[in-house]
Every structure is written in C-alpha cells, then in structure tokens.
Amino acid sequence: MLLTVSLAACAADTPAEPRDPGTEKSPTGLPIATAPTEMPSASTGTTGTVDPPETHMAAIRADLDGRGVSGSDATLVEAHRKTWNTGALGCPLPGVSYTQALVEGWQVVVKVGDKTYDYRFGTDATPTLCENSMNFIGIPAETPTDI
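Once you know that position 84 of the sequence shown is 84 in full-length UniProt numbering, the rest is easy, because the numbers rise by one and skip nothing.
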C-alpha cells in the first residue's frame with residue numbers, strides 16, 4: 001500500500017503533455033490568444049539591402065551630374081524597397097502638401113567621395129534627393145555645444 005502512495009506522488013511530478021495553444025480554451029470557453037513568434041515589419045519596412053533597378057541608378061547619376069558632382073563616381077551604400085506612408089517619400093518639405101496614401105518605392109543611398117546622398121523613389125524612376133533625412137532619424141542637425 002505504501003508503494004502505491006509513493007508511486008502516485010511521483011506520477012504527479014511528471015510533466016504534462018504539451019498542448020497546442022491554438023486549441024486550449026480559456027475559462028470562458030474562448031480560444032487563448034498566443035503571442036506571435038516573429039515581430040511584424042514596420043510599414044516602411046525593408047526587405048534588406050538589394051541592388052536597385054538600373055534605371056534608378058542611372059537617374060541618380062544624372063541627378064548628381066546636374067548638381068556638379070561626378071555621378072560616375074557614385075558607389076552604392078545601401079538600397080531598400082520601401083512602402084512610404086505619404087507622397088513625401090519619408091522626406092517632407094515644410095509647407096508642401098503630399099498625397100496621404102501608401103506609396104511603393106525605393107530608398108537608395110550612394111556615396112561620392114566623403115559625401116553621402118539619400119535618394120528616394122516612388123512608383124517611377126524619378127529621384128528625389130532627401131537632403132534633410134538626418135533630421136528624421138534622431139541625429140542632431142548641428143553639433144551640440146557644452147551640455
């Protein structure tokens with residue numbers, strides 16, 4: 001009899017069978033929600049650095065040439081497909097109105113010498129140089145003085 005009680009006590013310590021969380025019910029009878037195993041990407045998320053379309057690189061070279069910078073010396077730093085929240089392509093200018101709709105496009109960053117150029121594209125190969133992009137990612141516009 002003592003052996004039976006001892007075995008019963010040991011059996012209570014064995015782990016339960018793993019349950020499928022999608023079938024487990026809450027006390028109210030509704031399924032229990034489970035946390036996602038991966039975080040969803042942001043709406044302007046990236047798909048990783050990829051080679052941009054050659055039409056975009058050609059447009060960037062032409063734009064740089066028009067600014068007096070040798071476009072043929074431009075080297076690709078990074079390129080990402082983006083879904084922009086508005087027609088501003090993530091680079092709004094003060095006082096300008098933009099479409100308030102999602103815009104599929106690209107962000108292509110190139111470097112010529114020591115200077116970096118952040119170009120944005122919407123649905124076509126027309127480049128927009130985002131000259132104030134550093135202000136939108138938390139980098140101070142000016143070097144802070146004695147703090």
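Quick reminder that beta carbons are idealized off the backbone N, C-alpha and C, glycines included.
Terminal residues of the alpha helix (DSSP H) in which residue i lies
{"i": "G66", "result": "54 to 66"}
Beta-carbon proximity check, residue i vs residue j, cutoff 8 Å
{"i": "T128", "j": "L64", "result": "no"}
{"i": "A62", "j": "G71", "result": "yes"}
{"i": "K82", "j": "G66", "result": "no"}
Distance, residue j Cα to residue i Cα
{"i": "A59", "j": "D124", "result": "11 Å"}
{"i": "T86", "j": "M57", "result": "23 Å"}
{"i": "R120", "j": "Q107", "result": "5 Å"}
{"i": "S41", "j": "T116", "result": "Legend: pLDDT at S41 = 37, less than 50; position of this residue unreliable, value from coordinates given subsequently. Roughly 26 Å between the two C-alpha positions."}
{"i": "D114", "j": "V77", "result": "12 Å"}
{"i": "T55", "j": "T126", "result": "9 Å"}
{"i": "V50", "j": "Y98", "result": "27 Å"}
{"i": "L93", "j": "A101", "result": "17 Å"}
{"i": "C91", "j": "C130", "result": "6 Å"}
{"i": "W84", "j": "N132", "result": "16 Å"}
Contact belief for residue i with residue j at Cβ below 8 Å, rounded distance in angstroms
{"i": "V112", "j": "D118", "result": "Not really, about 12 Å apart at Cβ, beyond 8 Å."}
{"i": "A74", "j": "P52", "result": "Not quite, the Cβ-Cβ distance comes to about 12 Å (not below 8 Å), so this is no contact."}
{"i": "G122", "j": "V103", "result": "5 Å"}
Beta carbon proximity, residue i to chain D, threshold 8 Å
{"i": "D114", "result": "The displayed structure is made up of one protein chain only, and chain D is not part of it."}
Range of the contiguous beta strand (DSSP E) that encloses residue i
{"i": "E78", "result": "75 to 84"}
{"i": "Q107", "result": "103 to 112"}
Identified DSSP bridge partners for residue i
{"i": "Y119", "result": "V108, L129"}
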